[in-house]
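As structure tokens, the structure follows; a few thoughts come after it.
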Amino acid sequence: MKFSVFTDFGSLNSVPVFNAVIKGLLKLEHEVVVNSLDADVAVIWSLLWHGRMEPNKRIWQEFHRQNKKVLVIEVGNIKRNITWKVGINGINRKADFGQMGNGPDRANKFNLKYSPWRTAGDHILICSQHDKSEQWKDMPPLNQYLHETIDKIREHSKRKIIIRTHPRCPVQLNLKHESQVGMQVPKQIKDSYDDFDFDLTNCWAVVSESSNPGITAVLNGIPAFVGKDSLAYDVGNTDFSHIEDPKMPDRQQWLQDYAYTEWTTEEIAEGLPFSRLTF
30 MKFSVFTDFG SLNSVPVFNA VIKGLLKLEH EVVVNSLDAD VAVIWSLLWH
80 GRMEPNKRIW QEFHRQNKKV LVIEVGNIKR NITWKVGING INRKADFGQM
130 GNGPDRANKF NLKYSPWRTA GDHILICSQH DKSEQWKDMP PLNQYLHETI
180 DKIREHSKRK IIIRTHPRCP VQLNLKHESQ VGMQVPKQIK DSYDDFDFDL
230 TNCWAVVSES SNPGITAVLN GIPAFVGKDS LAYDVGNTDF SHIEDPKMPD
280 RQQWLQDYAY TEWTTEEIAE GLPFSRLTF
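Mapping of the sequence shown onto the working numbering: position 265 corresponds to residue 294, and the numbering continues sequentially without gaps.
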């Protein structure tokens with residue numbers, strides 16, 4: 030099968046990962062070209078149609094128009110900038126990451142564990158997302174979404190609400206009429222490429238439509254209220270009427286399957302994630 034790896038439109042830290050992708054595909058005896066629309070499968074970096082990655086939107090649309098698949102490489106969450114999501118035709122829960130019902134081997138390899146469910150906390154954290162991402166497609170304008178979410182929560186809870194903005198997508202909200210609502214601006218961790226702090230101290234619940242904070246919350250034993258495209262959906266909540274008595278399901282199988290969504294560059298270079306996928 031012929032793969033085209035679009036190396037021109039990746040993030041600044043994409044070079045070694047793309048190199049591993051090419052090596053892994055060649056190891057599995059696929060044909061690989063670079064930055065060409067003449068291929069069976071496109072390989073692109075993320076689904077953020079912004080900045081360096083904006084041209085990927087045209088590639089995404091063109092390959093889908095021809096009913097061809099797109100392999101998406103995305104920054105991971107298990108070990109940020111060490112592991113990378115590798116999925117077909119999407120990111121998060123929209124992506125195909127291969128078979129489910131996996132065993133515990135990869136979760137054990139990463140020492141990936143979850144904390145007991147927390148039954149105390151004083152605030153609800155709403156995590157905003159980047160509105161220029163494909164994962165925000167068909168969603169309302171970001172400001173509207175945030176105000177509507179505050180209103181929905183307020184119907185069922187009087188807890189303090191904190192809005193955590195996306196590190197690269199700031200929002201301006203008029204909160205002067207909102208009591209007990211504050212803002213939290215992520216701070217980049219010193220000497221990191223793009224790691225940001227994420228303080229869950231005394232947090233009762235996290236609201237995250239489809240991005241990594243929902244996963245991080247669940248791993249830390251904090252109930253997450255998420256949308257259907259979140260990788261935390263199967264162990265998350267969707268109904269704000271239960272914001273004060275959220276579901277706290279078993280997470281073991283979810284954890285084991287989650288561990289198979291991300292891979293190190295060494296594993297990618299061996300072709301391991303591609304051998305699990307059906308192109």
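The C-beta atom is built at its ideal place from N, Cα and C for all residues, glycine as well. All values reported here derive from a predicted model rather than from experimental measurement.
As assigned by DSSP and simplified to three states, the class of PHE227:
In the structure shown, PHE227 adopts coil according to DSSP, grouped into three states.
Note down, one range per segment and in chain order, each beta strand (DSSP E) of at least 3 residues found wholly within the region 172-257.
The region 172-257 contains these whole beta strand (DSSP E) runs: 189-193, 210-213, 232-237, 253-255.
I need the DSSP call for ARG109, collapsed to helix, strand or coil.
Strand at ARG109.
Quick check on the DSSP output: what are the complete alpha helix (DSSP H) runs of length 4 or more inside the region 35-104, in order along the chain?
Positions of the alpha helix (DSSP H) runs, each at least 4 residues long and wholly inside the region 35-104, are given as 44-56, 85-94 in order along the chain.
Can you tell me which of ARG147, TRP233, LEU301, GLY256 puts its alpha carbon nearest to the alpha carbon of LYS123?
Minimum Cα distance to LYS123 is reached at GLY256.
To the nearest angstrom, how far is the alpha carbon of LEU171 from that of ASN85?
Approximately 22 Å, taken between the alpha carbons.
Quick one: give me the first and last residue of the alpha helix (DSSP H) that THR293 is part of.
No alpha helix (DSSP H) holds THR293; the beta strand (DSSP E) holding it covers 291-293.
Opening and closing residue of the alpha helix (DSSP H) in which LEU301 lies:
According to the DSSP assignment, LEU301 belongs to the alpha helix (DSSP H) that extends over 301-304.
DSSP-derived helix/strand/coil call for SER270
In this structure, DSSP gives SER270 a helical state, which the three-state scheme calls helix.
Among GLN282, THR267, LYS56, THR230, which residue has its Cα nearest to the Cα of GLU295?
LYS56 is the residue among GLN282, THR267, LYS56, THR230 whose C-alpha sits nearest the C-alpha of GLU295.
Are the CB atoms of THR245 and PHE225 nearer to each other than 8 Å?
It is not a contact, given that the beta carbons lie outside the stated cut-off.
Using beta-carbon positions only, say whether VAL44 and VAL72 come within less than 8 Å of one another.
Not a contact, by the Cβ cut-off of 8 Å.
Consider the C-beta atom of VAL264 and the heavy atoms of the ligand NAP; say whether any pair is separated by less than 7 Å.
This structure lacks the ligand NAP; in fact it carries no ligand of any kind.
Along the alpha helix (DSSP H) that carries LEU260, what are the first and last residues, could you check?
Where LEU260 is concerned, there is no enclosing alpha helix (DSSP H), given that its DSSP letter is neither H nor E.
Mapping the DSSP letters down to three states, classify LYS31 as helix, strand or coil.
Annotated three-state conformation of LYS31 is strand, per DSSP.
Alpha carbons only, please: which of GLN95, ASN110, ASN96 is nearest the one belonging to ILE102?
Closest option to ILE102, Cα to Cα, is ASN110.
Looking only at its chain, what residues have a beta carbon closer than 6 Å to the beta carbon of ARG147, apart from the 5 residues adjacent to it on each side?
So the list reads GLY250, ILE251, once near-sequence residues are dropped.
Would you list the residues sitting across from HIS159 in a DSSP beta bridge?
Beta-bridge pairing links HIS159 to no other residue.
Evaluate contact between the region 115-132 and the region 290-307, counting only Cβ atoms and requiring at least three cross-stretch pairs below 8 Å.
Counting Cβ pairs under 8 Å, three or more are found: they touch.
Skipping 5 residues on each side, what residues in its chain have a beta carbon closer than 7 Å to that of GLY53?
If we look at GLY53 and ignore the five residues flanking it on each side, its Cβ neighbours are ILE297, ALA298, GLU299, GLY300, PHE303.
State the Cα-Cα distance for the pair THR112 and MET30, rounded to the nearest angstrom.
Taking the straight line from one Cα to the other gives about 25 Å.
Among ASP67, PRO242, LEU175, which has the Cα closest to the Cα of ASN203?
The shortest Cα separation from ASN203 among ASP67, PRO242, LEU175 belongs to LEU175.
Can you name the residues that DSSP bridges to ILE153?
Under the DSSP definition of a beta bridge, ILE153 partners with ILE190, ALA234.
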